[in-house]
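Enquirer:
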Amino acid sequence: MTIESKYLLKLRGIDKRFPGVHALKSVDFELSGGECVALLGENGAGKSTLIKIIGGAHQTDSGSITVKGVVQRWIKPTDSLDAGVAIIYQEFNLVPGLSAAENVFLGIEPENYGWVRRGEENAKVQEVFKRIGADINPDALCDSLTVAEKQLVEIAKALVRDARILVMDEPSAVLTKKEVEQLYLLIDDLKQKGIGIVYVSHRLEEVERVADRAIVMRDGARVGELSKEDLDRAKIIEMMVGRKLENEFPQETRSPGRVRLRATKLNRGQKVKNISFDVRMGEILALTGLVGAGRTETVRLLFGADQKDSGVVELDGQVLELGKPSDAIEVGICLLTEDRKDQGLVLGQSVRDNFGLPNLKKFSNKGWIDASSEAHSFNSYIKKLQIKVSGHEQLASQLSGGNQQKVVLAKWLERNAEILIFDEPTRGIDVGAKFEIYQWMNQLAKAGKGIIMISSELPEILGMSDRILVMKEGELMGELTNGPNVTQETLMSLAIGEKIEHAA
Amino acid sequence: MKWVKTIFSSDYGMLGVLVLLCAFFSWITFEEQQPEGKDAADSLNQSIRQDFNEPGRVLIAGRKTDSGQAFTAHLRELLSAAGWEIAGVVEGGPPELGQGLRLAFDHNQRLDVLACEQSFVNLAVLQNFRNSELKKSDFAVMSPDSSSWPNFLKSSNLLNVANQIAVIAILAIGMTLVIITAGIDLSVGSLIAVSAVLATWVIREWFGGDEATVGGMIAGCGLAILACSVLGLFSGSMIAFFGVPPFVATLGMMMVGSGLAYMLSGGLSIYQLPQSFDWLGRGDDIVGIPNAVVLMVVLYLLAHTIMSRTTVGRYIYAVGGNPEAARLSGVPVKKILLWVYASCGALAGLGGVIMASQFKSGDPKYGLMYELYVIAAVVVGGTSLSGGRGKVFGTLIGAFIIAVIQNGMNLTGVQSYTQKVVLGIVLLLAVLLDMFKKRGWRMTS
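Structure representation (structure tokens):
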């Protein structure tokens with residue numbers, strides 16, 4: 001039953017929940033043939049979840065997806081491809097050891113009884129490459145291609161599968177200026193051929209250039225739509241961050257003291273370029289910027305988790321040699337990682353073992369663990385931080401995000417940390433636990449510790465920090481003293497590269 | 505089905521399997537057992553004293569074997585102590601029995617009882633004697649009562665099982681640690697050969713071969729174990745410092761080790777060893793339990809304590825469970841990896857020394873394919889190949905499951921080729937079980 005529809009792709013009332021998170025709230029979305037729609041929103045606004053649903057990688061809890069008027073039921077990721085929807089993720093899905101041509105035809109090889117018709121394959125690939133203006137040797141191994149070329153291979157892959165809808169997730173993030181220009185031309189060309197394009201990006205100037213329309217998301221909901229004429233930077237930013245600051249942060253007045261930690265001209269590859277800053281006693285210093293701006297990479301240098309190319313880190317005037325994390329831990333620098341599951345906790349072990357891990361020296365005598373002192377100390381933190389665990393032996397993987405974060409916090413508090421680095425401390429944590437963690441950060445600052453908080457949540461930054469550093473592509477874009485004159489708009493425009501000099 | 509899951513989900517879930525296997529093999533090897541040696545004498549002494557109120561005259565007969573002689577000697581002692589007159593002691597077969605009987609009736613003496621082992625009761629010579637000399641033949645023939653008991657559960661068999669698995673079980677301790685760090689060590693089989701050859705070579709070349717003193721033997725064995733731990737340390741440093749995958753690093757060491765053993769021995773067995781060299785492998789100083797088994801138990805207790813009570817143990821689990829989280833918590837990940845591979849090498853070296861002692865020689869062919877049995881024991885014991893989870897005692901259970909299956913199949917006469925098929929299937933089932941456990945008993949994740 002084909003009803004003629006004016007839309008190539010139509011989403012209605014898409015709703016998606018993950019444990020503890022309402023990721024998408026009844027989102028509508030539509031795309032016509034020959035149109036490029038920009039999908040905008042902050043980190044965590046729900047853009048990735050939405051495109052994963054369009055790509056069939058996630059399934060909706062409720063709502064409908066219609067392609068060319070036909071209602072879709074996608075069970076597995078290839079179903080959406082069969083319906084003509086192709087997604088080009090930021091991380092490409094290419095097999096490095098296969099050639100460009102082999103990647104393009106992976107899974108749909110022209111074959112006779114299992115023998116690949118290589119001639120036909122090559123001819124078709126060359127034709128597609130020509131169509132998209134790609135100057136790539138079909139026999140070149142994917143490994144040897146540049147990022148831009150890989151992207152073209154992905155696009156070619158979509159085209160040979162007859163995709164009518166192309167979703168590009170931050171396609172320009174990895175490209176040079178020249179390559180981006182070529183991408184624009186290609187997008188124009190594809191539009192001419194009636195292909196509908198969804199363009200996800202942070203870079204507003206690109207959106208102005210390439211999109212016919214923009215749909216803005218915030219907190220998992222669609223908050224508005226802007227037509228080509230209305231595409232205006234100020235308006236977009238307002239829509240993206242437009243939420244009101246509620247009283248979700250404990251108010252504290254602090255008076256930061258002397259400098260405790262000082263970083264001078266830190267460098268590491270392309271991710272950290274000439275970063276200098278200091279952290280004072282009793283201060284919360286926020287570090288923000290878009291995902292991938294080099295925030296995490298910077299603090300990992302302070303913790304000795306990665307090695308800096310150059311630069312100096314001092315604590316209380318002493319230059320530190322940070323060859324490995326335990327060197328930093330020894331002097332009282334602790335990192336609460338962004339990714340608790342992959343880096344913060346040993347999920348398969350008990351909460352007590354996780355708590356004890358950096359503290360075993362304290363709880364042991366000549367290598368023998370004094371289990372009772374360990375248990376005693378852990379008990380006191382369960383009470384102090386109100387960690388909800390069924391017992392000491394409960395596996396870390398079984399805790400909620402908030403309680404996992406508290407276990408991580410407990411292990412560092414026991415270590416008597418002087419400088420605490422919180423990387424996205426409240427990501428994936430429910431509101432109640434968030435507030436408790438904020439309170440703890442305030443309390444630690446009050447006790448004279450230095451605190452660095454990385455966050456993408458602008459309200460959180462404005463609500464919690466004393467000073468704010470904004471990074472973009474490895475560089476420090478600005479340093480602001482938090483106050484009434486600093487707004488989400490200020491931070492956002494710094495983060496996306498508007499060099500407004502805000503005297504702070 | 506729920507209780508089945510609960511049992512298998514627990515750390516020592518395979519213990520249930522081991523018990524079931526033991527029960528099964530006990531059931532199918534259940535048969536008439538003839539008591540032997542001293543036990544037989546004790547039992548027969550009791551029946552004779554029950555049947556006869558007064559001491560009489562007895563002829564004792566047993567085979568000319570160790571257990572037969574133990575039987576006759578012990579019974580003679582018991583009965584004479586009870587006041588019986590010993591008409592004679594026969595050791596041997598039918599001719600000796602006939603002669604013994606005739607001697608017993610010399611000078612028209614009376615005979616009350618012929619106390620003999622079971623195998624004598626139905627001998628033709630005994631029938632003939634009764635038939636030919638009727639007057640004298642009113643003596644009773646008594647032999648020890650037989651009883652029903654599974655061959656599998658005989659204490660000698662159980663000790664045999666333990667002794668046969670001791671080497672594999674000791675190696676499996678080290679392998680368990682390695683696998684908990686999410687690694688693997690394929691070189692342990694070769695290290696057995698290295699150790700056995702090196703220990704015996706050192707004793708032969710430096711400490712006078714079969715004239716060697718106890719000190720010399722200890723020095724040779726210690727040196728061999730030390731060498732193996734250095735080789736393990738080498739694999740470990742390839743893994744820790746250069747990120748070589750454990751499979752490849754230890755595969756290389758496996759070939760190196762095997763080659764070294766052949767080079768050192770020239771491809772021949774080294775057997776110039778003192779008599780007492782077999783103390784470790786064949787001796788049984790503590791209530792008849794083989795020394796190797798005692799050593800195995802001690803090592804398991806030690807390893808369990810290390811894994812559960814010390815910082816090193818805790819770190820090993822953390823390194824396997826999440827190396828990045830461990831590193832960021834200040835765990836010395838590289839040192840732990842080095843320690844684990846060095847220990848695994850040292851235990852393989854110890855295994856080689858035990859094996860050399862069992863065979864009283866060192867041979868470069870020792871330990872061939874042992875790594876596979878050792879890995880099988882660890883996996884069957886419930887240690888996860890993806891690291892971070894596993895228990896040392898689980899491995900002991902795994903090793904015993906393999907030993908019991910092998911022993912049971914030997915007792916029931918299953919061919920060795922078939923045995924390999926069965927063991928392979930057991931290994932696959934154990935891995936499947938591990939997968940199901942991890943996924944919460946669903947088919948796919």
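Top line first, the protein sequences correspond to chains A and B.
Here the first sequence stands for residues 1 to 504, numbered as in this note's numbering.
Here the second sequence stands for residues 505 to 949, numbered as in this note's numbering.
For every residue, glycine included, the Cβ atom is placed at its ideal position computed from N, Cα and C.
(1) With 8 Å set as the bound, which would you pick, yes or no: does the beta-carbon of residue 305 of chain A sit closer than that to a beta-carbon of chain B?
(2) Any residues in the region 359–386 of chain A with a beta carbon nearer than 7 Å to a beta carbon of chain B? Which ones, in chain order?
(3) Going straight from the alpha carbon of residue 3 of chain A to that of residue 205 of chain A, what length do you get?
(4) What separation, rounded to the nearest whole angstrom, lies between the Cα atoms of residue 697 of chain B and residue 884 of chain B?
(5) Counting only Cβ pairs nearer than 8 Å, list the residues of chain B close to residue 346 of chain A.
(6) So within the region 344–400 of chain A, which uninterrupted alpha helix (DSSP H) runs reach at least 4 residues, ignoring any that extend past its ends?
(7) Between residue 795 of chain B and residue 881 of chain B, what straight-line distance do the alpha-carbon atoms span, to the nearest angstrom?
(8) Check this for me: beta carbons of residue 213 of chain A and residue 67 of chain A, under 8 Å apart or not?
(9) Can you pull out the residues from the region 829–853 of chain B whose beta carbon lies closer than 8 Å to at least one beta carbon of chain A?
(10) Does DSSP classify residue 500 of chain A as helix, strand or coil?
(11) Taking buried to mean at least 16 other C-beta atoms within 10 Å of its own C-beta, is residue 921 of chain B buried or exposed?
(12) Since residue 603 of chain B is in the alpha helix (DSSP H), which residue starts that stretch and which ends it?
(13) Mind checking whether the beta-carbon of residue 742 of chain B lies closer than 7 Å to any heavy atom of the ligand FAD?
(14) In chain B, which residues lie less than 9 Å from residue 459 of chain A when you measure between Cβ atoms?
(15) Mapping DSSP to helix, strand and coil, what is residue 819 of chain B?
(16) Determine whether the Cβ of residue 188 of chain A lies closer than 8 Å to any Cβ atom of chain B.
(17) In angstroms with no decimal places, state the Cα-to-Cα distance between residue 685 of chain B and residue 46 of chain A.
(18) So is residue 353 of chain A in contact with chain B if we call contact Cβ pairs under 8 Å?
(19) Over what stretch of residues does the beta strand (DSSP E) that includes residue 77 of chain A continue unbroken?
(20) Beta carbon of residue 299 of chain A, beta carbon of residue 423 of chain A: below 8 Å?
(21) Closest to residue 606 of chain B by C-alpha separation, out of B:623, B:693, B:934 and B:629, would be which residue?
(22) Can you pull the chain A residues whose beta carbon is under 8 Å from the beta carbon of residue 818 of chain B, in chain order?
(23) Please report the Cβ distance between residue 675 of chain B and residue 855 of chain B, rounded to the nearest whole angstrom; I am assuming they are in contact, meaning their Cβ atoms lie under 8 Å.
(24) Would you say residue 394 of chain A reaches chain B, if we count a Cβ-Cβ gap shorter than 8 Å as a contact?
(25) Please name the residue, chosen from A:31, A:363 and A:434, that lies closest to residue 215 of chain A on a Cα-to-Cα basis.
(26) Taking 8 Å as the cut-off, does the region 787–804 of chain B touch the region 314–322 of chain A (at least 3 CB pairs, one atom from each stretch)?
(27) Alpha carbon to alpha carbon, how far is residue 403 of chain A from residue 110 of chain A?
(28) Measuring straight from C-alpha to C-alpha, what distance separates residue 615 of chain B and residue 558 of chain B?
(29) Output needed for residue 541 of chain B: all residues of its chain with C-beta closer than 7 Å, excluding positions within five of it in sequence on either side, in chain order.
(30) Among B:903, B:791, B:839 and B:621, whose alpha-carbon lies nearest the alpha-carbon of residue 660 of chain B?
(31) How long is the line joining the alpha carbons of residue 333 of chain A and residue 380 of chain A, rounded to whole angstroms?
(32) Quick one: list the residues of chain B neighbouring residue 335 of chain A, beta-carbon separation under 8 Å, in chain order.
(33) Can you grab the Cα-Cα spacing for the pair residue 127 of chain A / residue 145 of chain A, in whole Å?
(34) Pull up the DSSP beta-bridge partners for residue 22 of chain A, would you.
(35) Under 7 Å Cβ-Cβ, which residues of chain A neighbour residue 813 of chain B?
(36) Under 8 Å between beta-carbons, which chain B residues line up against residue 342 of chain A? List them in chain order, please.
Expert: Let me spell this out:
(1) yes
(2) 360, 364, 367, 368 and 369
(3) Note that residue 3 of chain A scores a pLDDT of 48, beneath 50, so its modelled location is shaky and nothing firm can be said.
(4) 25 Å
(5) 821, 822, 825, 826, 829, 830 and 892
(6) 351–356 and 371–385
(7) 21 Å
(8) no
(9) 829, 830, 831, 832, 833, 834, 835 and 836
(10) Bear in mind that a pLDDT of 47 at residue 500 of chain A, under 50, signals an unreliable position, so the number given afterwards is only what the model happens to contain. Coil, per DSSP.
(11) exposed
(12) 598–608
(13) Absence of the ligand FAD is noted for the structure shown, with no ligands found whatsoever.
(14) Result: empty, since nearest Cβ-Cβ is about 28 Å, beyond 9 Å.
(15) helix
(16) no
(17) 37 Å
(18) yes
(19) First-last for residue 77 of chain A: 77–82, but that is the alpha helix (DSSP H), not the beta strand (DSSP E).
(20) yes
(21) B:629
(22) 353, 356, 357, 360 and 369
(23) 5 Å
(24) no
(25) A:31
(26) no
(27) 53 Å
(28) 13 Å
(29) 571, 574 and 575
(30) B:791
(31) 22 Å
(32) 832
(33) 19 Å
(34) A:17
(35) 368 and 369
(36) 826, 828 and 829
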